[in-house]
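Residue numbers (this note's numbering), protein chains in the order written: chain W, 1 to 308; chain S, 309 to 577.
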Amino acid sequence: MTAVLVRRGAELLFALLALSLLVFLLTALAPGDPAEEILRRGGVQPTPESVAALRAELGLDRPLFDRYLSWLGDVLRGDLGRSYADRSPVAEEIAARVPATLRLAGAAALVAGGLAVLAALLAVLRPGSPVGRAVALATVAVSGVPPYVVGIVLISVVAVGLRVLPTGGGDGPGAVVLPAVTLGLAGAATLLRLLRADLAHAVRLPFVRLAVAKGLRRRRAVVVHALRVAAPNAVTAAGVMLAELLTGAVVVETLFSWPGVGQLAVTAIRQRDLPVVQAYVLVTAVATVLLLALAELCLAACDPRVRR
Amino acid sequence: MSGRAEDAPVKARAGVAVLVAVVLFCLVTPVVSAYDPHLPDLRRALLPPGPAHWLGTDQLGRDLLTRTAAAGRTSLLVALAVTAITTAVGAVLGTVAGLTGGAAERLLRLAATVALALPGLTLALALAGVLTPGYGTVLAALVPLGWVNCALVAATATRRAASADHVLASRAIGASAGHLLRRVIGPHVAGTVMTVATADFARTLVAVTSLGFLGVGLPPPRTDWGGMVSEATPLLVTAPRLALVPALALALTGLALALVVDGRPGPET
Chain W
1 MTAVLVRRGA
11 ELLFALLALS
21 LLVFLLTALA
31 PGDPAEEILR
41 RGGVQPTPES
51 VAALRAELGL
61 DRPLFDRYLS
71 WLGDVLRGDL
81 GRSYADRSPV
91 AEEIAARVPA
101 TLRLAGAAAL
111 VAGGLAVLAA
121 LLAVLRPGSP
131 VGRAVALATV
141 AVSGVPPYVV
151 GIVLISVVAV
161 GLRVLPTGGG
171 DGPGAVVLPA
181 VTLGLAGAAT
191 LLRLLRADLA
201 HAVRLPFVRL
211 AVAKGLRRRR
221 AVVVHALRVA
231 APNAVTAAGV
241 MLAELLTGAV
251 VVETLFSWPG
261 VGQLAVTAIR
271 QRDLPVVQAY
281 VLVTAVATVL
291 LLALAELCLA
301 ACDPRVRR
Chain S
309 MSGRAEDAPV
319 KARAGVAVLV
329 AVVLFCLVTP
339 VVSAYDPHLP
349 DLRRALLPPG
359 PAHWLGTDQL
369 GRDLLTRTAA
379 AGRTSLLVAL
389 AVTAITTAVG
399 AVLGTVAGLT
409 GGAAERLLRL
419 AATVALALPG
429 LTLALALAGV
439 LTPGYGTVLA
449 ALVPLGWVNC
459 ALVAATATRR
469 AASADHVLAS
479 RAIGASAGHL
489 LRRVIGPHVA
499 GTVMTVATAD
509 FARTLVAVTS
519 LGFLGVGLPP
529 PRTDWGGMVS
539 EATPLLVTAP
549 RLALVPALAL
559 ALTGLALALV
569 VDGRPGPET
């Protein structure tokens, strides 16, 4: 276990460093000069002197690597810079939006988990039946269709056609339903793909077949014995899915005007507010990387065969 | 993987048939149509479907059918270009790593571990949003992390093929490395790579149109299916067909691709 921890830890550190470099370079690569941008947004016509003065104040005249190190130091202290639009601290803006995104991702995870476990059981219990094959086909269909297309169809049918739920926004108890189902369906496809193979493998294990041969009902053998064997892998699958939900949330938030970090980022991109975009990428990507690492650690803790 | 094994060719064939129909629709319609997909004509805005405009017109008076086809052509071509580059890069890197083994393969696997841990869509969104919009930007956003999957599969396939008995036997009777790569290992790896490329194309199409939907795709008036959906969402209540037509075209293509991918034998990793 210690060896796994050390190796995974090293890989994690490497991934985080690569990520920080990428996110930092994002602003360095961007066309245009941030100092000019800030001055123009402040309503000042930029002159060479004022631009040079602001560049010196922001430290933009220093070498790239120096800037990277001091930026990394700031980030580690929780300072994500200031927004171009209103000079407010970006960390606060992001923090204000995080709860909404987590609420959406959490609700979507519930939808996805429930659907995926049910569908996996159906596919394994009755592989040849019309229901089993319909479930398999539906999974294939959902995996090939982007979430916003599913969302558009859901909005036109449920919100515009039947007028049952609101088309968007973050107010009211019903508002979360459509975004959560939209995002959850995408998550369910991922989870099911990972889960079904494991469950199909577990069902064929000798002790499960023995249990069936001794007269245990097949459903009980699958639910009680096989599901338990597949469970550790399901933890990893859940981690992968959660990471995907966090990344995919931006599309669903944009479609439903859900007030989360993704919507903040898309607005910031339209206004070319680079510090906010940078902070969004950093926060989402670090969360994704940590989630995947945590999932793998859980798997190693559950399953000794992984600890090679 | 799903359903019964004998379903696989039927599914793949159905998928290919739908794909061919979609591609033909996207390529032929803009050429034979009497309308320009990008030219606004406000006097004809928001016409309902009729004999002149089979699917009606959008808020700027552009023929919806022609525009859907043109946007589809753009979406498919961009996704194809991205996939072609990532597949070529991935196949070469993977084959080299698989043949040389040792440090090269370990380096590739480390790079892949790091790359797979990064959230692709988030980075692509940020890159596409920060750079100046255009074809080059979309490529720059999607290529850097796109080659990983293909490289990993190619490395595994190459290594497995290189240690197969018939390859060892050919080598023992004096076959050159070039001959082995061209005639024996290459074809084996190529089949596996094509399977991955199909899956990658499906994923890239979703990514390309997602960028378009988020407003960081190609600059107007060029658009893809995602961009069309995003332009039409404010009108979802009054003219839902403007969003539904491109959305369903994309869904149909995605479904067909998923059927093709599902019908092919899965790659060994």
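By construction, the Cβ of each residue, glycine as well, lies at the ideal position given by its N, Cα and C atoms.
Predicted, not measured: the structure shown is a model, and the values here were computed from it.
Residues that D371(S) bridges to, as DSSP identifies them: What you label residue 371(S) is simply residue 63 of the second sequence in a count that begins at 1. Bridge partners of D371(S): T365(S).
Within 8 Å of chain S by C-beta, residues of the segment 60-72 of chain W in sequence order: none
C-alpha gap between L447(S) and A555(S), whole angstroms: What you label residue 447(S) is simply residue 139 of the second sequence in a count that begins at 1. What you label residue 555(S) is simply residue 247 of the second sequence in a count that begins at 1. Their backbone Cα atoms lie some 23 Å apart in a straight line.
Residue-chain proximity (T394(S), chain W), Cβ-Cβ < 8 Å: Sequence index remark: in the second sequence, residue 394(S) carries index 86 (1-based). So, not an interface residue.
Assigned secondary structure, R217(W) (DSSP; H/G/I helix, E/B strand, else coil): Along the first sequence, read from residue 1 onward, the residue named residue 217(W) stands at position 217. Three-state result, R217(W): coil.
Selected residue, minimal CA-CA separation from V149(W), among A505(S), V553(S) and L460(S): By 1-based counting over the first sequence, the position of residue 149(W) is 149. Looking at the Cα atoms, V553(S) is the closest of the given residues.
Interface flag, G437(S) vs chain W, CB-CB below 8 Å: Residue numbering aside, residue 437(S) sits at position 129 when the second sequence is read from its first letter. Closer than 8 Å to some Cβ of chain W, the Cβ of G437(S) qualifies, so yes.
Neighbour-count burial assignment, G174(W), 16 or more Cβ in a 10 Å radius: Locating residue 174(W) in the first sequence gives position 174, counting from the first residue. The residue is exposed, with fewer than 16 neighbouring Cβ atoms inside 10 Å.
For P89(W), the residue or residues it bridges with in DSSP: Within the first sequence, numbered from 1, the residue matching residue 89(W) stands at position 89. Paired residue(s): R82(W).
Rounded C-alpha distance that separates E576(S) from V461(S): Within the second sequence, the letter at position 268 stands for residue 576(S). Within the second sequence, the letter at position 153 stands for residue 461(S). Note that E576(S) has pLDDT 45, beneath the 50 cutoff, so the model's placement of it is unreliable and the number below is only indicative. Distance between the alpha carbons of E576(S) and V461(S) is about 7 Å.
Endpoints, alpha helix (DSSP H) assigned at Q271(W): In the first sequence, the residue the question calls residue 271(W) occupies position 271. Premise fails: Q271(W) is in no alpha helix (DSSP H) and is neither H nor E.
Within-8 Å CB hit, G525(S) to chain W: As a first step, residue 525(S) is located in the second sequence; it is residue number 217 there, counting from the start. No, G525(S) lies away from the interface with chain W (no Cβ there is under 8 Å from its Cβ).
Cross-chain neighbours of P146(W) in chain C, by beta carbon under 8 Å: Of the protein chains in the structure, W and S, none is chain C.
Pick from D366(S), R351(S) and L385(S) that is closest to L332(S), judged by C-alpha positions: Taking the first residue of the second sequence as position 1, residue 332(S) is located at position 24. If we check each option's Cα against that of L332(S), L385(S) comes out closest.
Near-chain W residues of the segment 316-327 of chain S (beta-carbon distance less than 7 Å), N- to C-terminal order: none
Whole-number beta carbon distance between D366(S) and L372(S), since they are thought to touch under 8 Å: Within the second sequence, numbered from 1, the residue matching residue 372(S) stands at position 64. Within the second sequence, numbered from 1, the residue matching residue 366(S) stands at position 58. About 6 Å separates the two Cβ atoms, so the contact holds.
Interface flag, L384(S) vs chain W, CB-CB below 8 Å: For the purposes of this step, residue 384(S) is taken as residue 76 along the second sequence, with counting starting at 1. For L384(S), the answer is no, since every Cβ of chain W falls outside 8 Å of its Cβ.
Residues near G435(S) in its chain [Cβ-Cβ closer than 7 Å; skip 5 each side]: In the second sequence, residue 435(S) corresponds to position 127, counting from 1. According to the sequence displayed, residue 435(S) carries Leu and not Gly. A448 and A449.
Members of the segment 419-447 of chain S near chain W, C-beta cut-off 8 Å: T421, V422, A425, L426, P427, G428, L429, T430, L431, L433, A434, L435, G437, V438, L439 and T440
Test: A551(S) CB closer than 8 Å to a CB of chain W: In the second sequence, the residue the question calls residue 551(S) occupies position 243. Chain W, which has a Cβ nearer than 8 Å to the Cβ of A551(S), makes this yes.
Proximity test, Cβ basis, 8 Å: R55(W) and chain S: In the first sequence, the residue the question calls residue 55(W) occupies position 55. No, R55(W) does not count as interfacial toward chain S.
Chain S contacts made by the segment 21-40 of chain W, where a contact means CB separation under 7 Å: L22, L26, L29, A30 and P31
Residue-level contact to chain W via CB, T541(S), 8 Å cutoff: For the purposes of this step, residue 541(S) is taken as the residue at position 233 of the second sequence. Interface residue, yes.
Where V283(W) falls: helix, strand or coil (DSSP): Walking along the first sequence from the start, residue 283(W) turns up at place 283. V283(W): helix per DSSP, three-state reduction.
DSSP state of R126(W) mapped onto helix, strand, coil: Mapped onto the first sequence, residue 126(W) falls at position 126. Three-state DSSP puts R126(W) in coil, outside helix and strand.
P452(S) - containing alpha helix (DSSP H), residue span: The residue given as residue 452(S) occupies position 144 in the second sequence. Run containing P452(S): Y443 to G454, per the alpha helix (DSSP H) assignment.
Inter-residue spacing [alpha-carbon to alpha-carbon] between V158(W) and D473(S): As a first step, residue 158(W) must be located in the first sequence, where it is residue number 158. As a first step, residue 473(S) must be located in the second sequence, where it is residue number 165. Straight-line Cα distance between these residues: approximately 59 Å.
A119(W) versus M241(W) - alpha carbon distance: Looking up residue 119(W) in the first sequence gives position 119. Looking up residue 241(W) in the first sequence gives position 241. So the two alpha carbons sit approximately 16 Å from each other.
Neighbouring residues, chain S, relative to G248(W) (Cβ below 8 Å): Here residue 248(W) refers to the residue found at position 248 of the first sequence. Neighbours of G248(W) on chain S, chain order: L429.
Which listed residue (G169(W), V75(W) and R41(W)) has its alpha carbon closest to that of F256(W): Numbered from 1 along the first sequence, position 256 holds the residue referred to as residue 256(W). The candidate whose alpha carbon is nearest that of F256(W) is G169(W).
Partners in chain S for I152(W), counting only beta-carbon separations shorter than 7 Å: Here residue 152(W) corresponds to residue number 152 of the first sequence, with the count starting at 1. V537, A551, L552 and A555, listed in chain order.
Short Cβ contact (8 Å threshold) for Q271(W) with A85(W): The residue you call residue 271(W) lines up with position 271 of the first sequence. The residue you call residue 85(W) lines up with position 85 of the first sequence. Yes, these two residues count as a Cβ contact at 8 Å.
Cross-chain neighbours of V545(S) in chain W, by beta carbon under 8 Å: On the second sequence, position 237 is the one that residue 545(S) refers to. Result: V160 and T167.
Amino acids of chain S, ordered along the chain, whose beta-carbon sits closer than 8 Å to that of R270(W): What you label residue 270(W) is simply residue 270 of the first sequence in a count that begins at 1. Residues of chain S passing the Cβ test: G523.
Cβ shell of L565(S) (< 8 Å), same chain only, five flanking positions each side left out: By 1-based counting over the second sequence, the position of residue 565(S) is 257. Around L565(S): G323, L327, T506, F509, A510 and L513.
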